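A short worksheet on the structure shown next.
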Amino acid sequence: MTQAGQCRLAPLTQVIQDSSHLYDYVVRLLFRLHSSLPADTLLGHRERFNDQFCRLRKYFHKSRNLQYFKRLIQIPCLPEKSPDFLRASALAEHVSPVVVIPDEEEPELEPEPEPQPLLIPEPNITEGPDEKDLLIERLRQEIRALHTELQSFKSEAQKVVKSLRERVRELEAELDSDRSCRERVQADTLALQAELDGLRLQQAEQVQQGLTEAEKKVQASEQRYGKMKEKHAELVKTHAELLRKSAEVSKILNEIQKEREQEKCQQKEQEQASEQAYSQVRQQAEEQGIRAEKLEQERHEAKMHLDSLKLSLQAAEQMSITAQGQMMAVESEREQLQKDLAELEKTLAERKLELDKQSQQSVEELQLLQKLLAVKTQDEENLLEKLTRQRLALLKAAVTEAEGRVREAMDTLSDPLHLSCKASPEFLEGRAQAALEATDKVMEGHARFLSDPEDAVDLLQGVSAFGYLLSDAMVHGSATSHQAGGDSAEDLVETCRVSGEEALRFLSTLADDDCRAQASAHDVQTQLKHLLELAQALRPCGRDVQQQELGDLVEQEMAATSSAVEDAAARIEEMLNKSRAADTGVKLEVNERILASCTELMQVSLRNCW
């Protein structure tokens, strides 16, 4: 396999390891769900699990057949059929798949980051907290304590699971080594048995062949020896007869020597013939004796060869006895290894059972904590949602109040009773500058609210100040136009009217939930800047006013501003009393905070006026 292929397949080892654990957890979790919920409710879960089970089993089967994974990871075998969740006893038949990675430690499980509790800024209220606030704070503390306890429990459970996994891996490694040792012993035993059988067969064949050949040689030698012995007996018998005949002839010759001298020549010839025959017989007897000695020597050699074959057979039998003793020793060792293996498997089963019990307890405790956490989280989400609705309602109320102030100021522009009111350009310049700053603040609060919808305090304060200061600038712009006269007066009134229209358009967009993000006060800023320029251009006109009249005008404007601020403070106090009577908990807290901020803003405005 190429290096590129190995790089593509390397991450799959971690996938196989994680998928086996996830499969085990999902099986146990589904058994727990079926024990507490109706089977029809979990039909969709069973169908999805069966689909994923088939895919995972097919994936394990394909990966197990790859040569690359055989030396890196031991992939478990999943059962032919998925677990039967409708039968509670099937949980005992479930076998957790175990993935073994040799010479590689399992990476430590990183602890999950502790979720930060939602912090709701506490309002700056001088009054003591009510019971619901104390309950909320106590619940927050309990949630934080539960978070801490859950994290410590998770870390302890991870340590226990890690130690148990390491022990299981060690036991599995020992089991694999014992199995390999047992397989080697069995292979050696079979090899020795086969070798011994072959040796026995070979030696038996050799001995049988040697015995057969020796018997054949002995039989042939005995036959030849018998034949030679018969011939030798015949020759000896013939020699004896000849000797007897020779003696008889000699006797007859001696008796008739005197009488038959004439026959001496014949007798001598007969003697010579008999001597020649005797020498021939004797020579033949000597040759037969030499042949008999050779046959005897061959018989002796055959007997010695037979004795050596018997010794070889005895040695082979001794080797067979020794091999049988070794086989018995190996068999006893194998039985001992099987006993040790059975003990190890029993210990492993006990450890797995204990681990399953601990894991089940841990899962139950974790589920209980998760349920409590889910309840607390749902309560907080409900409170936050309610707070968001109340925040939007307050924003709409503040926008409605600001719109009312602007419309009231626009009505004042065309009110005949307002013709008697006058104001200096310098004072109008200060009011326009304050309104322009309030516009900047409301735009900043709007941007901050868009980025963080929970931060609506600056926007609420900005809207209240914007409505008040803009209406004030419009009213004083109209009062300044009464003193200026001419085209400047018309420009002032028109600029104030356009500023009010743009402000109403901006406030209506701000109150709309769908168009709030597109709300912009740039047109209002443009009109206020133009109003500021007109006020600066009218400064010389104010020099003809006497010092006493200017002081009276300033005092009148300050008195009007003070009365407006006091009126706004009274309205805020009235709204606060209504909120205390109608609202409780978080909503009351937020309303008091917003109204307190508005009251503080009015007091600051009043101090700035004086």
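Residue numbers for the sequence shown follow full-length UniProt numbering, so the first one is 1 and each next one is one higher.
Quick reminder that beta carbons are idealized off the backbone N, C-alpha and C, glycines included.
Values in this document were obtained by computation on a predicted structure and should not be read as measured data.
Exercise. Could you pull the start and end residues of the alpha helix (DSSP H) that ASP440 belongs to?
Key: The residue labelled residue 440 in the question sits at position 440 within the sequence shown. That run of the alpha helix (DSSP H) goes 425 to 451.
Quiz item: Going along the chain, which residues of its own chain have a beta-carbon closer than 8 Å to the beta-carbon of THR495, five neighbours each way excluded?
Solution: Counting from 1 along the sequence shown, the entry for residue 495 is found at position 495. If we look at THR495 and ignore the five residues flanking it on each side, its Cβ neighbours are GLY477, GLN527, HIS530, LEU531, LEU534.
Practice problem: Count the other C-beta atoms from every protein chain shown that fall within 10 angstroms of the C-beta of GLN17, then say buried if there are 16 or more, exposed otherwise. | Solution: Counted from its first residue, the sequence shown places residue 17 at position 17. For GLN17, the number of other beta carbons within 10 angstroms of its own is at least 16, and it is reported as buried.
Exercise. Select from LEU309, ASP133, SER155 the residue whose C-alpha is nearest the C-alpha of GLN208.
Key: Translated into the one-based positions of the sequence shown, residue 208 becomes position 208. Here the closest residue by C-alpha is LEU309.
Practice problem: State the Cα-Cα distance for the pair GLU131 and LEU383, rounded to the nearest angstrom. | Solution: Residue mapping note: residue 131 aligns to position 131 of the sequence shown, counting from 1. Residue mapping note: residue 383 aligns to position 383 of the sequence shown, counting from 1. Answer to the nearest angstrom: the Cα atoms are 16 Å apart.
Quiz item: Would you say the stretch 320 to 333 touches the stretch 166 to 178, given that touching needs at least three Cβ pairs under 8 Å?
Solution: No, the stretch 320 to 333 does not touch the stretch 166 to 178.
Self-check item: Under the three-state DSSP convention, the category residue 625 falls into
Solution: The structure shown does not extend to residue 625, since the chain is modelled only from 1 through 610, so no value can be given for it.
Self-check item: Top-ranked residue by Cα proximity to LEU72, from SER20, LEU12, GLU490
Solution: As a position in the sequence shown, residue 72 is number 72, starting the count at 1. The shortest Cα separation from LEU72 among SER20, LEU12, GLU490 belongs to LEU12.
Self-check item: GLN74, DSSP secondary structure in three states
Solution: The count along the sequence shown starts at 1 and reaches residue 74 at position 74. GLN74 falls in the strand class under three-state DSSP.
Quiz item: Taking LEU460 as the reference, which of ASP197, THR480, ALA438, MET304 has the closest Cα?
Solution: What you label residue 460 is simply residue 460 of the sequence shown in a count that begins at 1. Closest by C-alpha distance to LEU460, out of ASP197, THR480, ALA438, MET304, is ALA438.
Self-check item: Exposure of LEU507, with buried meaning 16 or more beta-carbon neighbours within 10 Å
Solution: On the sequence shown, residue 507 is found 507 positions in, with the first residue counted as 1. Around the beta carbon of LEU507, 16 or more other beta carbons sit within 10 angstroms, so the residue counts as buried.
Self-check item: Collapsed DSSP secondary structure at VAL399 in the structure displayed
Solution: Sequence index remark: in the sequence shown, residue 399 carries index 399 (1-based). If DSSP states are grouped into helix, strand and coil, VAL399 belongs with the helices.
Quiz item: Can you name the start and end residues of the alpha helix (DSSP H) that HIS61 belongs to?
Solution: Taking the sequence shown and counting its residues from 1, one reaches residue 61 at position 61. Where HIS61 is concerned, the enclosing alpha helix (DSSP H) stretches over 43 to 64.
Quiz item: In the DSSP assignment, what are the bridge partners of VAL457?
Solution: As a working mapping, residue 457 is identified with position 457 in the sequence shown. In the DSSP output, where bridge partners are listed per residue, VAL457 has none listed.
Self-check item: Per-residue burial, GLN116 [other beta carbons within 10 Å of its own, 16 or more giving buried]
Solution: If you number the sequence shown from 1, residue 116 lands on position 116. With a pLDDT of only 42 at GLN116, under the threshold of 50, the placement of this residue in the model should not be trusted; the figure read from the coordinates follows. So GLN116 ends up on the exposed side.
Quiz item: Between the C-alpha atoms of ALA521 and LEU387, what's the straight-line distance to the nearest angstrom?
Solution: The residue labelled residue 521 in the question sits at position 521 within the sequence shown. The residue labelled residue 387 in the question sits at position 387 within the sequence shown. Distance between the alpha carbons of ALA521 and LEU387 is about 27 Å.
Quiz item: How would you label THR480, buried or exposed, when you count the other beta carbons within 10 angstroms and need 16 or more for buried?
Solution: Residue 480 sits at position 480 when you count from the first residue of the sequence shown. Buried is the call here.
Quiz item: So which of PRO453, VAL457, GLY430 has the shortest CA-CA distance to LYS441?
Solution: Counting from one through the sequence shown, the residue named residue 441 turns up at place 441. Considering only alpha carbons, the answer is VAL457.
Practice problem: Tell whether a beta-carbon distance below 8 Å holds between LYS422 and GLN483. | Solution: Counting from one through the sequence shown, the residue named residue 422 turns up at place 422. Counting from one through the sequence shown, the residue named residue 483 turns up at place 483. In terms of Cβ geometry, LYS422 and GLN483 form a close pair [threshold 8 Å].
Quiz item: In or out: ASP514 buried (at least 16 other Cβ within 10 Å) or exposed?
Solution: To locate residue 514, count along the sequence shown from 1; it is residue 514. Exposed is the label assigned to ASP514, since fewer than 16 other Cβ atoms lie within 10 Å of its Cβ.
Quiz item: With burial defined as no fewer than 16 other Cβ atoms inside 10 Å of the residue's Cβ, what is the status of PRO38: buried or exposed?
Solution: The sequence position of residue 38 within the sequence shown is 38, counting from 1. Result: exposed.
Practice problem: Give the DSSP-derived three-state secondary structure of PRO95 in the structure shown. | Solution: Numbered from its first residue, the sequence shown carries residue 95 at position 95. According to the sequence provided, residue 95 is Val. The question's Pro does not apply to it. The answer is coil: DSSP assigns VAL95 none of H, G, I, E or B.
Self-check item: Straight-line gap, TYR25 to GLU350 (C-alpha atoms, nearest Å)
Solution: Sequence index remark: in the sequence shown, residue 25 carries index 25 (1-based). Sequence index remark: in the sequence shown, residue 350 carries index 350 (1-based). Using only the alpha carbons, I get a separation of about 20 Å.
Practice problem: Within the same chain, show all residues whose beta-carbon is closer than 6 Å to that of ALA503, passing over the 5 residues directly before and after it, in chain order. | Solution: Residue mapping note: residue 503 aligns to position 503 of the sequence shown, counting from 1. Within its own chain, the residues whose Cβ lies closer than 6 Å to the Cβ of ALA503, once the five positions on either side in sequence are excluded, are VAL406, LEU470, VAL524, listed in chain order.
Self-check item: PRO425 to ALA473 span [Cα, whole Å]
Solution: For the purposes of this step, residue 425 is taken as the residue at position 425 of the sequence shown. For the purposes of this step, residue 473 is taken as the residue at position 473 of the sequence shown. C-alpha separation (whole angstroms): 11 Å.
Quiz item: Between GLU105 and LYS81, what straight-line distance do the alpha-carbon atoms span, to the nearest angstrom?
Solution: Here residue 105 is taken as the residue at index 105 of the sequence shown, counted from 1. Here residue 81 is taken as the residue at index 81 of the sequence shown, counted from 1. Reliability of the predicted coordinates at GLU105 is poor, the pLDDT of 43 falling under 50, and the value obtained from them is presented with this limitation in mind. The alpha-carbon atoms of GLU105 and LYS81 are separated by roughly 32 Å.
Quiz prompt | Nearest-angstrom Cα separation, counted from GLU501 out to PRO416 | solution = Translated into positions along the sequence shown, residue 416 becomes position 416. Translated into positions along the sequence shown, residue 501 becomes position 501. Across the structure, PRO416 and GLU501 are spaced so that their CA atoms are roughly 21 Å apart.
Quiz item: Is LEU428 near the ligand MG, with its Cβ less than 7 Å from a heavy atom?
Solution: Looking at this structure, you won't find the ligand MG or any other ligand, since it has none at all.
Quiz item: Pick from LEU341, GLN219, VAL399, PHE49: whose alpha carbon is nearest that of ARG182?
Solution: Position 182 of the sequence shown holds residue 182. It is LEU341 whose Cα lies nearest to the Cα of ARG182.
Self-check item: Cut-off 8 Å between Cβ atoms - residues of its own chain near ASP84, not counting five sequence neighbours on either side
Solution: For the purposes of this step, residue 84 is taken as the residue at position 84 of the sequence shown. Within the same chain, and ignoring the five residues on either side of ASP84 in sequence, the residues whose Cβ sits closer than 8 Å to its Cβ are ALA90.
Quiz item: In the DSSP assignment, what are the bridge partners of VAL100?
Solution: The residue labelled residue 100 in the question sits at position 100 within the sequence shown. Note: VAL100 sits in a beta bridge opposite GLN74.
Self-check item: Rounded straight-line distance, which links the Cα of LEU353 to that of LYS346
Solution: Here the question's residue 346 lines up with position 346 in the sequence shown. Here the question's residue 353 lines up with position 353 in the sequence shown. Distance between the alpha carbons of LYS346 and LEU353 is about 11 Å.
Quiz item: Out of ARG140, GLN193, GLY289, which has the shortest C-alpha to C-alpha gap to MET319?
Solution: On the sequence shown, position 319 is the one that residue 319 refers to. Put simply, of ARG140, GLN193, GLY289 the residue whose alpha carbon is nearest the alpha carbon of MET319 is GLN193.
Quiz prompt | Nonlocal neighbours in the same chain, by C-beta distance under 6 Å from ALA511, ignoring five residues either side | solution = What you label residue 511 is simply residue 511 of the sequence shown in a count that begins at 1. Hits under 6 Å: LYS396, VAL399.
Quiz prompt | 8 Å contact criterion, which ILE143 and LYS339 should meet: CB distance rounded | solution = The sequence position of residue 143 within the sequence shown is 143, counting from 1. The sequence position of residue 339 within the sequence shown is 339, counting from 1. Approximately 55 Å separates the beta-carbon atoms of ILE143 and LYS339; this is outside 8 Å, ruling out the contact.
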